[in-house]
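**Student:** Chains A and B are the protein sequences, given in the same order. The first sequence lines up with residues 1 to 210 when you count with my numbering. The second sequence lines up with residues 1001 to 1210 when you count with my numbering. Where a beta carbon is used, it is the ideal one built from N, C-alpha and C, also for glycine.
Number of protein chains: 2
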Amino acid sequence: MTQTAKQRIERAALQLFADKGFRATTIRDICAKSGVSVALVHYHFKNKNGLYQALLDKEIGEAFAQHPIPAYLQPGMGPEERLRQIIRLLLNRLIGPEGLGRDRARVRLMARELTAPSPAFEPLFQRHIQPMILTMVEIIRDFVGDQEQAELMRIATSVAGQCLYPFLAYEVMQRSGLTVAHTVEQVERHAEHIYQFSLRGLYGLKESNA
Amino acid sequence: MTQTAKQRIERAALQLFADKGFRATTIRDICAKSGVSVALVHYHFKNKNGLYQALLDKEIGEAFAQHPIPAYLQPGMGPEERLRQIIRLLLNRLIGPEGLGRDRARVRLMARELTAPSPAFEPLFQRHIQPMILTMVEIIRDFVGDQEQAELMRIATSVAGQCLYPFLAYEVMQRSGLTVAHTVEQVERHAEHIYQFSLRGLYGLKESNA
DNA sequence: GCCATTCCTAAACAGTTGTTTAGTTCAAGA
DNA sequence: TCTTGAACTAAACAACTGTTTAGGAATGGC
């Protein structure tokens, strides 16, 4: 047996939670898929919530931790380079092969949590998502100067939306024949596209303000 | 009694399905909230799936039908005006006060379906979502000329992402202190912002291609 | 050999869930 | 007045669900 029972449980649970959601997935589903008894799940993970929490930490937490913010943003960078890097960070974390993109189930699980967060997601949100958002907003504020709250929100979502949409709308896009590639080269190229696209948009704002 | 029992069921079900999801919402939850008996739900809607389907059709189908594509796109419009109009369409449908934005529960329900579609969503997808995507892709193709599939996908998601993100990431944004306004004026202003932002980005692509 | 620990299972338990059945109330039409 | 049909309820049903209990291999240390 190349995989331990615990690993088989985790694998099966990840796929089922991602496909059907937490509530619709039963422990017996997971057991049938991984070939273990019902009690073993409780032995290894205490209960259904514990299994889900462990999965979030492992599949999402670890993937994000491999791409920490300081690996992209270094002191002394100008606003343009910082913008480029925060976009690369988002894309590598979300659809990059070392991020969530390696596994389609990871993407679906994360998309569920972003649109309908569960209590188990809270620690991950505070640890990884919130800092990303705040950093992005700060970079954009550097770029466009002082703005009213509503305008800042519009600009921030213009940039962040480009990064997150191919990730959130995975299912819808696939049904329309549009697919996202997850190779390193494709991700870098996508990041560069979003950077260039956003840069023009941001410069346009400066012009119309002046 | 100002509302019929059937209406109270629908109202309670909408809020609960939006908050907790289809599976996590029980018929008894809905009954407790609307003050009716369990059997009455089956009397009016046949079963739980029927109730959900009826709700999707009513809350999302009707809102979308109020903003049909031909009301925005007319023959003879140039590519720039068509781009502006398709953006207005998306925003009015999704966050406008006559669209889903009128009711926070509608937004949450739709966001759930976009990231994790249920079988009940399929007819709405084919009727409303697919035509929107195809129209958007067509407009962008007019704009940027022939492109390889991957590049077209990147450009389309750059525009669509800006429109959909404030909608999909409702929860996450709210937790970070960013709120989306749903008044007509705010929505129109947001649409104009996305149009200008995208226009610059698209012109940039033309330049770098030349 | 014996013991302790880890990994694992079958079976039972108690509560929940969607659905159905049988029957009640009540207003409108003949 | 009688009847018909729509709106509604209480109670029961059968299946499912998360969790626990009691115990069986198997392994490694002493």
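1) Against chain A, with Cβ distances strictly below 9 Å, would I1060 (chain B) count as a contact?
2) With S1158 (chain B) as the anchor, note down where its alpha helix (DSSP H) starts and where it stops.
3) Given M1001 (chain B), which residues of its chain have a CB within under 6 Å of its CB, disregarding the five upstream and five downstream residues?
4) What do you reckon, are the CB atoms on I60 (chain A) and L134 (chain A) nearer than 9 Å?
5) Let me know the secondary structure DSSP gives Q1066 (chain B) once reduced to three states.
6) If you compare alpha carbons, which of B:F1064, B:G1078 and B:A1191 is closest to V1107 (chain B)?
7) Report yes or no: do the segment 154 to 166 of chain A and the segment 189 to 206 of chain A share at least 3 C-beta pairs separated by less than 8 Å?
8) Check whether chain A comes within 9 Å of H1193 (chain B), counting only Cβ atoms and requiring the distance to be less than that.
9) What are the boundary residues of the alpha helix (DSSP H) that includes K46 (chain A)?
10) Can you give me the C-alpha to C-alpha distance between Q15 (chain A) and L51 (chain A), rounded to a whole angstrom?
11) Is the shortest distance between the beta-carbon of G1161 (chain B) and the beta-carbons of chain A less than 9 Å?
12) Check whether the segment 77 to 88 of chain A touches the segment 138 to 146 of chain A, counting contact only when three or more Cβ pairs, one atom from each stretch, lie closer than 8 Å.
13) In three-state terms, what does DSSP make of Q53 (chain A)?
14) Which of the three DSSP states is assigned to M1 (chain A) in this structure?
15) Suppose only complete runs of 4+ residues qualify. What are the alpha helix (DSSP H) ranges in the segment 1074 to 1136 of chain B, listed by chain order?
16) Helix, strand or coil for L211 (chain A)? Go by DSSP, reduced to three states.
17) Going along chain A, which residues have a C-beta under 8 Å from S1158 (chain B)?
**Tutor:** Inspection of the coordinates gives the following:
1) One-based indexing of the second sequence puts residue 1060 (chain B) at position 60. Cβ-Cβ to chain A under 9 Å: no for I1060 (chain B).
2) One-based indexing of the second sequence puts residue 1158 (chain B) at position 158. S1158 (chain B): member of the alpha helix (DSSP H) spanning Q1149 to L1168, first to last residue.
3) The residue you call residue 1001 (chain B) lines up with position 1 of the second sequence. Interpretation of M1001 (chain B) is limited by its pLDDT of 48, a score under 50 that renders its predicted location unreliable; no figure is taken from the coordinates.
4) Your numbering for residue 60 (chain A) matches position 60 in the first sequence. Your numbering for residue 134 (chain A) matches position 134 in the first sequence. Against a cut-off of 9 Å, the Cβ pair of L134 (chain A) and I60 (chain A) comes out as no contact.
5) Here residue 1066 (chain B) is taken as the residue at index 66 of the second sequence, counted from 1. If DSSP states are grouped into helix, strand and coil, Q1066 (chain B) belongs with coil.
6) Walking along the second sequence from the start, residue 1107 (chain B) turns up at place 107. Ranking the options by Cα distance to V1107 (chain B), first place goes to B:F1064.
7) These segments touch.
8) Taking the first residue of the second sequence as 1, we reach residue 1193 (chain B) at position 193. It does; some Cβ of chain A falls within 9 Å.
9) As a working mapping, residue 46 (chain A) is identified with position 46 in the first sequence. First-last for K46 (chain A): undefined, no H or E at that position.
10) What you label residue 15 (chain A) is simply residue 15 of the first sequence in a count that begins at 1. What you label residue 51 (chain A) is simply residue 51 of the first sequence in a count that begins at 1. Cα-Cα distance, rounded: 13 Å.
11) Here residue 1161 (chain B) refers to the residue found at position 161 of the second sequence. Yes, its Cβ sits closer than 9 Å to a Cβ of chain A.
12) The answer is yes - the segment 138 to 146 of chain A touches the segment 77 to 88 of chain A, with three or more Cβ pairs under 8 Å.
13) In the first sequence, residue 53 (chain A) corresponds to position 53, counting from 1. Annotated three-state conformation of Q53 (chain A) is helix, per DSSP.
14) Within the first sequence, the letter at position 1 stands for residue 1 (chain A). Any reading at M1 (chain A) must be qualified, since the residue scores a pLDDT of 48, below 50, and its modelled position is unreliable; the value itself is stated next. The three-state secondary structure of M1 (chain A), taken from DSSP, is coil.
15) Secondary structure remark: continuous alpha helix (DSSP H) runs of at least 4 residues inside the segment 1074 to 1136 of chain B, in chain order: 1079 to 1094 and 1104 to 1115.
16) Past the edges of chain A, shown from 1 to 210, lies residue 211 (chain A), and the structure says nothing about it.
17) The count along the second sequence starts at 1 and reaches residue 1158 (chain B) at position 158. Per Cβ cutoff of 8 Å: Q162, H193, I194 and F197.
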